[in-house]
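Visitor: Each residue of the sequence shown is one higher than the last, beginning at 68 in the working numbering.
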Amino acid sequence: MQFDIQKCQPIFKQADKKNKGFLSMDQLFYAITRLLRIQINMATLEIIMTLTDENNDGVTQEDEFCHIVYICENADLRDTQSILFYAADNDYSGTIEKSELFNVSKKLGIETNELELFAMMSVLTGTQTDEQSLNYEMFQHVMDILIKRNSKQNKQYEDILIDKIQQRQHVINLKNNSVSFI
Numbered sequence: 068m069q070f071d072i073q074k075c076q077p078i079f080k081q082a083d084k085k086n087k088g089f090l091s092m093d094q095l096f097y098a099i100t101r102l103l104r105i106q107i108n109m110a111t112l113e114i115i116m117t118l119t120d121e122n123n124d125g126v127t128q129e130d131e132f133c134h135i136v137y138i139c140e141n142a143d144l145r146d147t148q149s150i151l152f153y154a155a156d157n158d159y160s161g162t163i164e165k166s167e168l169f170n171v172s173k174k175l176g177i178e179t180n181e182l183e184l185f186a187m188m189s190v191l192t193g194t195q196t197d198e199q200s201l202n203y204e205m206f207q208h209v210m211d212i213l214i215k216r217n218s219k220q221n222k223q224y225e226d227i228l229i230d231k232i233q234q235r236q237h238v239i240n241l242k243n244n245s246v247s248f249i
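Listed below in structure tokens is the structure:
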């Protein structure tokens, strides 16, 4: 699977009309739906943005934008697990390595550790090396186990993502309402 990261920069710059170095949610929606002509609704794009917002600032930097484009071009945008898979795939390889699995688990608030993930991946892949990677079906299986085990209220992917979006929006609101003493 090859992803042409070079195409992202001119589209990002076209959407970032004031050269701020980031895109608001509206600018992101414009770039994805109008410039790239990808059919997606605002709620789904907000989920993807939340998953890729590395510093939780509520805006999209260029590297985050490239990851969002990768997700939108490869994931089934009607399937939360597919979106999660491509959101976890930070190196655009089409597979999920242990560190990527750990990062997406952490982002979803799932309690786990790298040793546990290594053991699960070893069983699924039949190997015990650091070079293990999961395809989409294996990733689904691992995430189902982790979410069921960690969810006291038996939440599904969608519920966890909605919680994360609400938490992110709360943090953004706090930042926007903070008083500066300088």
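Backbone N, C-alpha and C define an ideal beta-carbon position, used for all residues, glycine too.
The structure displayed is predicted, hence computed values, not measured ones.
1. Please confirm whether Leu112 and Phe96 have their CB atoms less than 7 Å apart.
2. Pair every Cβ in the segment 160-171 with every Cβ in the segment 194-202, then say whether three or more of these pairs are closer than 8 Å.
3. Would you mind stating whether Ile135 and Ala142 have Cβ atoms separated by less than 7 Å?
4. So, under 8 Å CB-CB, Ile212 and Cys133 are touching, yes? Tell me the CB distance rounded to an integer number of Å.
5. Using beta-carbon positions only, say whether Leu103 and Ala154 come within less than 7 Å of one another.
6. Can you tell me whether DSSP reads Ser160 as helix, strand or coil?
7. Residues in the same chain with beta-carbon distance under 6 Å from Ile78, minus the five sequence neighbours each way, listed in chain order, please.
8. Can you name the residues that DSSP bridges to Thr127?
9. Which residue's Cα is closest to the Cα of Ser160: Asp146, Tyr137, Ser189?
10. Measuring straight from C-alpha to C-alpha, what distance separates Val246 and Glu181?
11. Would you kindly check if the distance between the Cβ of Glu178 and the Cβ of Asn202 is under 7 Å?
12. Need the endpoints of the alpha helix (DSSP H) that Tyr80 sits in, please.
13. Sort Thr192, Gln148, Thr194, Leu191 by Cα distance to Ser172 and report the nearest one.
14. Taking the continuous alpha helix (DSSP H) assigned at Leu213, which residues delimit it?
15. Going along the chain, which residues of its own chain have a beta-carbon closer than 6 Å to the beta-carbon of Asp130, five neighbours each way excluded?
Guide: On the basis of the coordinates in this document:
1. yes
2. yes
3. no
4. Their Cβ separation, rounded to whole angstroms, is 30 Å, which puts Ile212 and Cys133 out of contact at 8 Å.
5. no
6. coil
7. Ala98, Leu102
8. Leu90
9. Tyr137
10. Low confidence applies to Val246: its pLDDT is 43, below 50, so where it sits in the model is not reliable, and the reading given next is rough at best. Near 40 Å, if we compare the C-alpha coordinates of Glu181 and Val246.
11. no
12. The amino acid occupying residue 80 in the given sequence is Lys; Tyr does not appear at that position. Start and end: 75-82.
13. Gln148
14. 203-217
15. none
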